[in-house]
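full-length UniProt numbering applies: residue 1 is where the sequence shown begins, and numbers increase by one. Positions of the beta carbon are idealized from the N, C-alpha and C atoms, including for glycine. Quick notes on the structure that follows.
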Amino acid sequence: MATFQEFIQQNEDRDGVRFSWNVWPSSRLEATRMVVPVASLFTPLKERPDLPPIQYEPVLCSRATCRAVLNPLCQVDYRAKLWACNFCYQRNQRGPQMPLNFLYVVDTCMEDDDLQALKESLQMSLSLLPPTALVGLITFGRMVQVHELGCEGISKSYVFRGTKDLSAKQLQEMLGLTKPAAAQAGRGPQQPPVPPSNRFLQPVQKIDMNLTDLLGELQRDPWPVTQGKRPLRSLGVALSIAVGLLECTFPNTGARIMAFIGGPATQGPGMVVGDELKTPIRSWHDIEKDNAKFMKKATKHYEALANRAAASGHIIDIYACALDQTGLLEMKCCTNYTGGYMVMADSFNTSLFKQTFQRVFTKDAQGSFKMALAGTLEIKTSREIKISGAIGPCVSLNAKGPCVSENEIGTGGTSQWKICGLDPNTTLAFFFEVVNQHNAPIPQGGRGAIQYVTQYQHSSGQRRIRVTTIARNWADAQTQIQSIAASFDQEAAAILMARLAIYRAETEEGPDVLRWLDRQLIRLCQKFGDYHKDDPNSFRFSETFSLYPQFMFHLRRSSFLQVFNNSPDESTYYRHQFMRQDLTQSLIMVQPILYAYSFSGPPEPVLLDSSSILPDRILLMDTFFQIVIYHGETVSQWRKAGYQDMPEYENFRHLLQAPVDDAQELLHTRFPMPRYIDTEHGGSQARFLLSKVNPSQTHNNMYAWGQESGAPILTDDVSLQVFMDHLKKLAVSSAA
Numbered sequence: 001m002a003t004f005q006e007f008i009q010q011n012e013d014r015d016g017v018r019f020s021w022n023v024w025p026s027s028r029l030e031a032t033r034m035v036v037p038v039a040s041l042f043t044p045l046k047e048r049p050d051l052p053p054i055q056y057e058p059v060l061c062s063r064a065t066c067r068a069v070l071n072p073l074c075q076v077d078y079r080a081k082l083w084a085c086n087f088c089y090q091r092n093q094r095g096p097q098m099p100l101n102f103l104y105v106v107d108t109c110m111e112d113d114d115l116q117a118l119k120e121s122l123q124m125s126l127s128l129l130p131p132t133a134l135v136g137l138i139t140f141g142r143m144v145q146v147h148e149l150g151c152e153g154i155s156k157s158y159v160f161r162g163t164k165d166l167s168a169k170q171l172q173e174m175l176g177l178t179k180p181a182a183a184q185a186g187r188g189p190q191q192p193p194v195p196p197s198n199r200f201l202q203p204v205q206k207i208d209m210n211l212t213d214l215l216g217e218l219q220r221d222p223w224p225v226t227q228g229k230r231p232l233r234s235l236g237v238a239l240s241i242a243v244g245l246l247e248c249t250f251p252n253t254g255a256r257i258m259a260f261i262g263g264p265a266t267q268g269p270g271m272v273v274g275d276e277l278k279t280p281i282r283s284w285h286d287i288e289k290d291n292a293k294f295m296k297k298a299t300k301h302y303e304a305l306a307n308r309a310a311a312s313g314h315i316i317d318i319y320a321c322a323l324d325q326t327g328l329l330e331m332k333c334c335t336n337y338t339g340g341y342m343v344m345a346d347s348f349n350t351s352l353f354k355q356t357f358q359r360v361f362t363k364d365a366q367g368s369f370k371m372a373l374a375g376t377l378e379i380k381t382s383r384e385i386k387i388s389g390a391i392g393p394c395v396s397l398n399a400k401g402p403c404v405s406e407n408e409i410g411t412g413g414t415s416q417w418k419i420c421g422l423d424p425n426t427t428l429a430f431f432f433e434v435v436n437q438h439n440a441p442i443p444q445g446g447r448g449a450i451q452y453v454t455q456y457q458h459s460s461g462q463r464r465i466r467v468t469t470i471a472r473n474w475a476d477a478q479t480q481i482q483s484i485a486a487s488f489d490q491e492a493a494a495i496l497m498a499r500l501a502i503y504r505a506e507t508e509e510g511p512d513v514l515r516w517l518d519r520q521l522i523r524l525c526q527k528f529g530d531y532h533k534d535d536p537n538s539f540r541f542s543e544t545f546s547l548y549p550q551f552m553f554h555l556r557r558s559s560f561l562q563v564f565n566n567s568p569d570e571s572t573y574y575r576h577q578f579m580r581q582d583l584t585q586s587l588i589m590v591q592p593i594l595y596a597y598s599f600s601g602p603p604e605p606v607l608l609d610s611s612s613i614l615p616d617r618i619l620l621m622d623t624f625f626q627i628v629i630y631h632g633e634t635v636s637q638w639r640k641a642g643y644q645d646m647p648e649y650e651n652f653r654h655l656l657q658a659p660v661d662d663a664q665e666l667l668h669t670r671f672p673m674p675r676y677i678d679t680e681h682g683g684s685q686a687r688f689l690l691s692k693v694n695p696s697q698t699h700n701n702m703y704a705w706g707q708e709s710g711a712p713i714l715t716d717d718v719s720l721q722v723f724m725d726h727l728k729k730l731a732v733s734s735a736a
């Protein structure tokens with residue numbers, strides 16, 4: 001008999017699904033008493049070696065009211081490439097495979113070194129694209145230039161003012177773009193439709209040399225910048241033109257807008273700060289005091305662009321590389337609504353940016369990009385359960401139906417979502433509501449079912465459908481509470497509650513979110529803990545719940561909910577990554593992994609606790625965002641003395657090298673690439689480790705009798721032990 005843990009793992013490996021509960025309470029009333037909602041983490045493009053696709057895309061009838069699928073009962077005219085629907089008798093053409101579209105939006109207001117590094121990365125990316133992929137280029141500084149790539153021998157571009165926004169219709173008239181429908185007009189029914197072509201997006205094979213030369217000749221924005229001023233950067237208009245250009249030429253076809261930004265927008269719609277350097281960009285303090293004068297207007301501008309891009313199925317990626325903030329807070333909806341990537345680095349000249357950008361174009365065993373475009377996800381449920389909503393990189397398609405709950409969580413009120421950009425790690429959280437009434441029992445052995453239908457454009461140009469159907473048992477919570485408790489997946493539940501908390505943190509005050517999280521944890525302890533009233537020492541949690549409070553402790557201290565010491569852009573970046581990563585990566589973000597290296601044995605995982613920081617140890621910490629190698633006090637002194645260079649201390653050299661080798665492996669596989677930090681006892685960057693470990697030993701208790709040896713942490717934060725003691729006290733209290 002397989003254990004529940006094995007069952008959970010098998011389901012994740014096969015279906016890419018993890019549920020908070022794997023046996024469901026059979027009534028609405030009991031489901032609300034479970035505290036943690038019935039919810040799932042779903043990875044639509046979970047990689048599976050044993051999942052061969054049918055070698056053609058699903059073919060649907062073109063009549064909007066029919067949409068039946070091509071089947072053996074349809075009549076097919078092979079010569080004319082037509083087929084007749086056997087339901088509505090509509091004659092349909094076989095559509096073409098659409099090429100991949102990439103539109104580069106490049107900021108030229110940056111230092112020459114940075115611009116040169118960016119140009120080299122863009123030139124490198126052209127060699128990674130398939131020959132049929134279409135590429136376009138928009139550059140911006142004070143003005144916005146849309147480059148015409150179809151010209152031989154000369155470089156030609158259309159220049160737009162950076163202070164005035166343009167609608168898609170105005171842009172279409174100015175650039176002389178033909179709508180896709182107009183391009184097909186006048187073609188006979190015998191001729192298959194052709195993908196639209198225009199002067200601004202051209203196949204790589206045709207313009208490879210021209211575009212490489214054009215990128216090589218790009219210069220820093222020529223407008224002079226006086227001392228004490230920021231360069232005028234028209235980012236809002238540049239993105240608006242990019243969205244409009246693709247809207248006019250490739251509606252409802254997968255495309256990527258890749259924006260490379262070297263600083264904040266300082267003029268026109270979408271500006272986030274003025275050009276005076278003496279006026280800093282907004283901080284969390286300014287936002288709390290309602291003193292961020294550009295924020296609301298800029299957010300509204302980028303939100304409108306994000307909605308337009310999402311409606312057309314287009315992705316917006318943002319690569320922000322600067323030492324100061326660039327306005328990610330205002331632009332977050334551009335990536336969050338469209339499934340785009342958000343990458344934050346200090347410079348385009350860092351390996352963090354260069355390698356992360358290169359990994360966007362990673363290919364699978366078949367030689368196709370590991371990216372999917374223009375996706376939709378639909379959920380169908382059995383009648384006892386309804387969908388409350390989704391939290392992740394998606395927008396609602398407003399598809400009402402019998403399986404849609406009135407209680408919305410996240411993006412709710414629909415059973416279908418648009419996910420413009422997907423990769424094998426993209427994971428969405430779905431929340432469900434049990435609607436079966438308490439007085440209508442479900443027969444013994446009954447099962448509830450949920451079906452996830454994901455449609456997307458594969459990077460080869462094919463349309464594909466992936467269907468995942470799962471079922472779970474129902475149980476009466478009054479008589480079978482033990483089987484429901486045994487089915488609890490504490491890892492999935494912790495990440496689902498974390499997503500819910502971060503979603504609330506976007507619109508609510510930080511302390512309110514922490515109080516809500518604490519209340520939910522106390523209620524869960526009261527419901528599933530084993531204890532005597534008013535006796536905290538008697539409290540026991542079963543094995544399936546034992547790690548959950550620890551996850552909540554680390555979540556409360558994390559950068560996702562604590563904005564202190566982080567800029568608004570940093571908080572936005574951390575939250576963006578958490579909302580799209582799979583369960584394993586999310587757990588690392590909440591509770592980082594710590595490995596110890598010493599002469600006493602092989603590397604081993606150790607507790608994320610200050611007691612693990614010992615003088616003769618090297619620690620490797622993986623927080624997802626950073627890989628930190630920390631050398632203890634003694635090891636650091638040996639290293640400074642140069643013992644590793646002496647032949648008789650070769651074992652010390654191997655000890656120093658071991659964490660570096662393991663760190664390199666993580667750096668080579670993770671997307672986006674983490675920041676690599678090599679530090680030591682007393683080093684300024686040791687703060688990255690000290691801020692994450694549980695402060696079991698602080699300056700307040702470091703001389704306590706029987707205290708474990710370890711590094712004291714200078715903090716007023718409570719330790720996990722104090723947190724657990726307080727939690728037990730509240731959980732067993734009669735007054736609670």
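Please report the distance separating the alpha-carbon of residue i from that of residue j.
{"i": "Cys88", "j": "Ala80", "result": "19 Å"}
{"i": "His654", "j": "Val635", "result": "13 Å"}
{"i": "Ile409", "j": "Ser40", "result": "13 Å"}
{"i": "Ala133", "j": "Lys206", "result": "10 Å"}
{"i": "Ala320", "j": "Glu330", "result": "13 Å"}
{"i": "Leu29", "j": "Gln437", "result": "8 Å"}
{"i": "Ala182", "j": "Gln462", "result": "Here Ala182 scores only 44 on pLDDT, less than 50, and its place in the model should not be relied on; the value that follows carries that caveat. Ala182 and Gln462: Cα-Cα distance of roughly 24 Å."}
{"i": "Asp717", "j": "Gln664", "result": "33 Å"}
{"i": "Lys380", "j": "Gln451", "result": "5 Å"}
{"i": "Glu12", "j": "Leu305", "result": "35 Å"}
{"i": "Gln707", "j": "Gln697", "result": "Confidence is the limiting factor: at Gln707 the pLDDT is only 45, short of 50, which leaves the residue's position unreliable and the question unanswerable from this model."}
{"i": "Thr507", "j": "Val513", "result": "10 Å"}
Tell me residue i's beta-bridge partners as DSSP assigns them.
{"i": "Gly448", "result": "Arg472"}
{"i": "Phe160", "result": "Val144"}
{"i": "Val65", "result": "Inspection of the sequence shows that residue 65 is occupied by Thr rather than by Val. Answer is none; Thr65 lacks a bridge partner."}
{"i": "Gly375", "result": "Ile419"}
{"i": "Ser396", "result": "Trp417"}
{"i": "Lys229", "result": "Glu276"}
{"i": "Lys296", "result": "Bridge partners of Lys296: none, in fact."}
{"i": "Gly136", "result": "Leu103"}
{"i": "Phe560", "result": "According to DSSP, Phe560 bridges with nothing at all."}
Residue i and residue j look like a contact to me (Cβ under 8 Å); what is the Cβ gap, rounded to whole Å?
{"i": "Phe42", "j": "Leu428", "result": "6 Å"}
{"i": "Phe357", "j": "Ser121", "result": "5 Å"}
{"i": "Asp165", "j": "Ser240", "result": "5 Å"}
{"i": "Ser157", "j": "Leu246", "result": "Going by Cβ atoms, the distance from Ser157 to Leu246 rounds to 17 Å, so no, they are not a contact pair."}
{"i": "Thr623", "j": "Met589", "result": "7 Å"}
{"i": "Ser62", "j": "Pro37", "result": "Not quite, the Cβ-Cβ distance comes to about 40 Å (not below 8 Å), so this is no contact."}
If we count the other Cβ atoms within 10 Å of its Cβ and call it buried at 16 or more, is residue i buried or exposed?
{"i": "Ala185", "result": "Low confidence applies to Ala185: its pLDDT is 46, below 50, so where it sits in the model is not reliable, and the reading given next is rough at best. Per the 10 Å Cβ criterion, exposed."}
{"i": "Leu73", "result": "exposed"}
{"i": "Cys151", "result": "exposed"}
{"i": "residue 738", "result": "Here the chain covers residues 1 to 736 and nothing more, so residue 738 does not appear."}
{"i": "Gly188", "result": "Any reading at Gly188 must be qualified, since the residue scores a pLDDT of 44, below 50, and its modelled position is unreliable; the value itself is stated next. Exposed, since its Cβ has fewer than 16 Cβ neighbours within 10 Å."}
{"i": "Ser610", "result": "buried"}
{"i": "Thr469", "result": "exposed"}
{"i": "Ser586", "result": "buried"}
{"i": "His554", "result": "buried"}
Taking the continuous alpha helix (DSSP H) assigned at residue i, which residues delimit it?
{"i": "Phe431", "result": "Element bounds for Phe431: not the alpha helix (DSSP H) but the beta strand (DSSP E), Leu428 to Val434."}
{"i": "Ala238", "result": "Leu235 to Thr249"}
{"i": "Glu173", "result": "Ala168 to Leu175"}
{"i": "Thr572", "result": "Pro568 to Phe578"}
{"i": "Met552", "result": "Tyr548 to Arg557"}
Starting from residue i, trace the beta strand (DSSP E) both ways and give me its first and last residue.
{"i": "residue 767", "result": "Limits of the chain in this structure are 1 at one end and 736 at the other, which puts residue 767 out of reach."}
{"i": "Asp530", "result": "Asp530 to His532"}
{"i": "Trp24", "result": "Val23 to Pro25"}
{"i": "Tyr319", "result": "His314 to Cys321"}
{"i": "Ile627", "result": "Gln626 to His631"}
{"i": "Tyr503", "result": "No beta strand (DSSP E) contains Tyr503, which is instead part of the alpha helix (DSSP H) from Gln490 to Ala505."}
{"i": "Glu6", "result": "Glu6 -> not in any beta strand (DSSP E); alpha helix (DSSP H) instead, spanning Phe4 to Asp15."}
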